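Asks: Following this message is one structure expressed as structure tokens.
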């Protein structure tokens, strides 16, 4: 595992497919803040709760101009099934192949388990990381904190 990307660093570029098979390129989202949320696996208990909470806060984030990207090592097929079932209004990105390459670039890949750890990165309109948090795998993140941090970034 490499060091986690820190505040003030340039967010590592990536191009990943979403649950619909469409490419999402981080740099194409410049001009507005982006919340990049890494999570271990679709359909798992803590992850399901976190993303449901993120779904509930999505309107507040969207009002602040934030694009939400949730990233896991799951295949696009699994992500599509999960998204359709749960009604997630944000992109679920597949870091499936090369396995965990984006999570590795952000320093949140767990080599022992082969999944992303719970890393969160708020990237500003110019591509600089403005806030980040790493949460233990067995604990859900505080999604209300995302909204609070996004408000601070929005000024």
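Numbering (our numbering), first residue to last: 10 to 164.
Idealized CB from N, CA, C, for every residue including glycine.
Remember, predicted model here, so these are calculated numbers, not experimental data.
Under three-state DSSP, which class holds residue 131?
Replies: Strand at residue 131.
Asks: Label residue 109 either buried or exposed according to how many other C-beta atoms from any shown protein chain fall within 10 Å of its C-beta, with 16 as the threshold for buried.
Replies: With 16 or more other Cβ atoms within 10 Å, it is buried.
Asks: How would you call residue 120, buried or exposed, if buried means at least 16 neighbouring beta carbons within 10 angstroms?
Replies: Exposed: under 16 other Cβ atoms inside 10 Å.
Asks: When we look at the beta-carbon of residue 28 and count the other beta-carbons within 10 Å, is it buried (16 or more) or exposed?
Replies: The residue is buried, with at least 16 neighbouring Cβ atoms inside 10 Å.
Asks: How do the segment 17-27 and the segment 93-102 stand: do at least 3 beta-carbon pairs fall below 8 Å, yes or no?
Replies: Contact between the segment 17-27 and the segment 93-102 is present, because at least three Cβ pairs lie under 8 Å.
Asks: Do you know offhand how far residue 34's Cα is from residue 111's?
Replies: C-alpha separation (whole angstroms): 12 Å.
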